[in-house]
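Working notes, beginning with the structure itself.
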Amino acid sequence: MLKKVAFLLSTFLVISVPAVSPAESSPLKTGTKQSFETCGLITSEYVTVLQLLKQGFTEKQLLASLPGLTDSGAERVEALVDAVNKKGLTETFSAVNSEYARCSQGVYDLRGAPDPVSREGHFYFCAGENKLRYEILMAASLQAPEDEVLTQVPRQRQRIVQAIFDLYRDDGLPAAFDAIGDELKYCLNGES
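Letter by letter, the sequence shown follows residues -19 to -1, 1 to 173 in mature numbering (1 follows the signal peptide of the UniProt record, and there is no 0).
Here's what the structure looks like:
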């Protein structure tokens, strides 16, 4: 079922992501300059902006208070706010997660898997963890049977399935996206 969900999501996202992508010139566009680290850190910044918007911050407040915001960074904040206004918070969270997976896949396609004990190996691991969490959340949101999803996830990762399904059922999709965003940031910071 998770494979079916992933296929449905990829079909859906191919159709909808251009409309909710933060910007046509997004730094997450795949290219030789990207690394697993840059894909992850840029996504983390996007997720932080979305989390702050979810908490009620306005575009003006974000532009005035985010530290070290460059002109291109301000443009990305504006693009994220615009995407949220046009498509909604959850669709924008979904687009950002999808774009992260695409960016990481592009790096993998160009360079392969890094040494697991290297710095880049750490960010590669986080990309995989986030992709798994995102796919599980999408399965939950598409009402996939939890027991079927559990059978497709390695045994040592099954607690993630249960936690995400519970969070989705109890608190809804925006809260679940917020939580997987936090998990991504914990991972990137070496805290998970």
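Ideal placement from N, C-alpha and C gives every residue a C-beta, glycine not left out.
Quick caveat, the model's predicted, so the values are computed rather than measured.
Rounded C-alpha distance that separates residue 171 from residue 125: Rounded to whole angstroms, residue 171 to residue 125 spans 31 Å at the Cα level.
Note down, in chain order, each residue of its chain lying with its Cβ closer than 7 Å to the Cβ of residue 156, except the 5 sequence neighbours on either side. Once the five neighbours on either side are set aside, the close Cβ partners of residue 156 are 148.
Can you tell me which of 55, 61 and 22 puts its alpha carbon nearest to the alpha carbon of residue 111? In this structure, 22 is the residue among 55, 61 and 22 with its C-alpha nearest to the C-alpha of residue 111.
Would residue -15 be called buried (16 or more neighbouring beta carbons within 10 Å of its own) or exposed? Confidence at residue -15 is low in this model, with a pLDDT of 41, below 50, so its placement is unreliable and the value that follows should be read with caution. Around the beta carbon of residue -15, 16 or more other beta carbons lie within 10 angstroms, which makes this residue buried.
Terminal residues of the alpha helix (DSSP H) in which residue 150 lies: Looking at the DSSP string, the run of the alpha helix (DSSP H) that includes residue 150 is 139 to 152.
Does the beta-carbon of residue 158 have 16 or more other beta-carbons within 10 angstroms, so that it is buried, or is it exposed? Buried, since its Cβ has 16 or more Cβ neighbours within 10 Å.
Between the beta-carbon of residue 85 and the beta-carbon of residue 20, is there less than 9 Å? A contact, by the Cβ cut-off of 9 Å.
Quick check: the region 20 to 39 against the region 113 to 125, are at least 3 beta-carbon pairs closer than 8 Å? The answer is no - the region 20 to 39 does not touch the region 113 to 125, with fewer than three Cβ pairs under 8 Å.
Hey, how far is the Cα of residue 77 from the Cα of residue 136? Distance between the alpha carbons of residue 77 and residue 136: 28 Å.
Residue burial classification, residue 129 (beta-carbon count within 10 angstroms, cutoff 16): Counting C-beta atoms within 10 angstroms of its own C-beta, residue 129 has fewer than 16 neighbours from the protein chains shown and is therefore classed as exposed.
Coil, strand or helix - residue 120 by DSSP: Helix, per DSSP.
My guess is that residue 18 and residue 80 are in contact by the Cβ rule of under 8 Å, so how many angstroms apart are they, rounded? The pair is not a contact, with the Cβ atoms about 16 Å apart (cut-off 8 Å).
Buried or exposed for residue 16, please, with buried defined as at least 16 other CB atoms from any protein chain shown within 10 angstroms of its CB. Residue 16 comes out buried.
For residue 131 and residue 71, the rounded distance between their alpha carbons: Rounded to the nearest angstrom, the two C-alpha atoms are 24 Å apart.
Going by C-alpha to C-alpha distance, which of 142, 109, 91 and 138 sits closest to residue 165? The shortest C-alpha separation from residue 165 is found at 109.
Per-residue DSSP class, three states only, for residue 109: Secondary structure of residue 109 (DSSP, three-state): helix.
Measuring alpha carbon to alpha carbon, tell me which residue in 107, 92, 113 and 99 is nearest residue 14. Residue 14 has its Cα closest to that of 92, out of 107, 92, 113 and 99.
Pick from 51, 52 and 57: whose alpha carbon is nearest that of residue 31? 57 is the residue among 51, 52 and 57 whose C-alpha sits nearest the C-alpha of residue 31.
Could you compute how far the alpha carbon of residue 45 sits from the alpha carbon of residue 62? Each residue's Cα considered, the two are about 14 Å apart.
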